[in-house]
Amino acid sequence: MKLLMKLFPAAVLVLSGLFSSCVSVERYNEKRAQPISVKKLQKDIDFVQKNLYARHPDYDYYTPKSVLDERFDSLRKAINRPMATNEFFVHISPVIASVHQGHMATMPAPRKVSRERKKYLKSKGAGPLQQFDYQWEADHLYIIKNKSEDSTIRKGWELLAINDLEVQDIYTKYARTFSSDGYNQTAMPGFFARRVPTFYNEELGPLDSLSYTFKTDKGDRIVKEIRRAGKNPAAKTTVADSLKHEVVKNDTAKTDTAVLAQKEHEKLKAQKEKEEQSKKVLYGYDKTKKEYIRSLKFYGDSTLAYLKIGQFGEGRYKKAYARLFDSIKNAGSEVLVLDLRDNPGGRAMEITELYKYFADSAFKIYAPSKVSSKASLLNAGFYSRMPKAIWPFFSIYYPFYAVHRFVNTKKYADGNYYYAGLNGNKWKEPHENAFTGKVYLLVNGGSFSAACLMASRLSVLPNVTIVGEETGGDFNGTVAGIMPILHLPHSNIIWRIGLMHVRPLNRTDVRGRGIFPDQVFNQSVQDIVAGKDRALDWILGQEKL
């Protein structure tokens, strides 16, 4: 009884905390749906315009300031009645998108979810909106990967609606809320396809089951209910399971043999899992796609090496590239295909390391990055993106970060400030295992950010042939590098803004376009369904493999 009396206050506090958490979440979501006054919405417009002009370098690079001023003024006139945050988002995001910087993004104010609901959702697996990959082609949305438990849904089927909300209506409402870099349009279909789950979640909310309406390859309309994917781990079969019946019947010696076999099996299994995990850590691993981020294979008795890099993010890239190019050298490959298709970018310093394996002389990757002021990189918004528990530890590191950024940001002769502290701003030497043979570079509209910067640098090498589609990023660079996440004060709309105009050393006179291929190939839904890769097939044909 005494123990219960001691525990009772703690239990009350825990339950009270849970209850208050649920109530605060409920109140927040209710408030989120309520109209916001015109005065407050006007203040959010002022907030965006002020921060855009003060913090975003070259905000008028593609759209003149006079045009942006007119669009902000028109927006103010259009906001003449109270609106909920979602409706306001559809009004303000096209103005922000008209800056034409693909890294700068807005998202609707998020719904809050209680801890209990989060725990429940995590235990139940992927929601229905996360169970398909799409491709937007000729104003239609097609399934290109089915991750649901319903195997009857085929690649190539068109998605018409979810819960009777048509895809065309989603596109009409949200297509102008984002942009690529410059005037290039090749990135836009992929951007929309990846945002489809977000847009439907905004309209329908996080539900455990949804009704999908498909159009099959035969033209039939089919309605399927897609439920949250349950976590049903496959039953583990061990040597002991398969030998159990025999062990019962056999003598002690055979029992000992089975036990030894079981131990040996578990040892080999553990060793294999350890090796697999080490490989994932080294090369990076995409859990959603269930594939390595950096992968290498050979064609034609190793004459041609094919290196695919899905992103410049996870993995121990220095060690990974050292091993990969060791393998290419040891195989005696004469041709290398570097596949950067659908690579959204990532770490700027990684492409400097990768370029060492292609360079034929000392090089720099980047020109100094333009910034808005001497101190603009100091307010980088790090704290808003990390748990509060980490703040004390980051506070130890921050002074070193601040000094480095401040010292390396200087005013140049043109009157603008530039940051020259990136790894790629320094002279580098080619790696001793640099590949000197023929190179084919595969790119498409999904080659963005750092992937586009890498393609830009490679495009000037005489041994490189570019194959595929115009890149989604601008040949001349992008505003990214450091990107704080801001929240509009009253609508709580999320706004990501870039602080550095990262530019390759080599540039083109064509503004607002990507890297153009020497040989054009666009991968259609029909190609994906048929398992064809016409760009790679063309390369193999050129090399007679």
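Read in order, the letters of the sequence shown correspond to residues 2 to 546 in the working numbering. Positions of the beta carbon are idealized from the N, C-alpha and C atoms, including for glycine.
Nearest C-alpha to T86 among R228, P490, F383: P490. Cβ-Cβ distances below 6 angstroms link E167 to nothing in the same chain once the five nearest sequence neighbours on each side are left out. Beta-bridge pairing by DSSP links Q520 to V468.
Under the three-state reduction of DSSP output, H92 falls in the helix class. Within the model, the alpha-carbon separation for E292 versus S303 is close to 22 angstroms. Contact between L130 and P198 holds, since their C-beta atoms are separated by about 4 angstroms, short of 8 angstroms.
Apart from the 5 residues on each side of it in sequence, R77 sits with its Cβ closer than 7 angstroms to the Cβ of Q43, I46 in its chain, given in chain order. Excluding residues up to 5 positions away in sequence, G347 lie with their Cβ nearer than 6 angstroms to the Cβ of G314 in the same chain. In the structure shown, W428 falls within a coil segment according to DSSP collapsed to helix, strand and coil. In the three-state reduction of the DSSP assignment, I80 falls in the coil class, being assigned neither a helical nor a strand state. Taking one beta carbon from each stretch, the stretch 97–106 and the stretch 493–502 have 3 or more pairs nearer than 8 angstroms; the two touch. Your pair A306 and S334 checks out as a contact, with CB atoms roughly 4 angstroms apart and the cut at 8 angstroms. For M108, the enclosing beta strand (DSSP E) stretches over residues 106–108. H502 is bridged by DSSP to K371, V480.
Straight-line measurement puts the Cα of N202 at about 14 angstroms from the Cα of Y213.
A452 and A127 have their C-alpha atoms spaced approximately 29 angstroms apart. Under the three-state reduction of DSSP output, H57 falls in the coil class, being neither helix nor strand. Of the other Cβ atoms in all chains shown, 16 or more fall within 10 Å of the Cβ of P345; this residue is therefore buried. Restricting attention to alpha helix (DSSP H) runs no shorter than 4 residues, the stretch 312–336 encloses them at 318–332, ordered along the chain.
DSSP, read as helix, strand or coil, puts A421 in coil. Segment contact: the stretch 472–484 against the stretch 499–519, three or more CB-CB distances shorter than 8 angstroms; contact assigned. Around the beta-carbon of K371, 16 or more other beta-carbon atoms lie within 10 Å, marking it buried.
Judged by DSSP secondary structure, L537 falls within the alpha helix (DSSP H) whose first and last residues are 535–543. S525 and Y420 have their C-alpha atoms roughly 41 angstroms apart.
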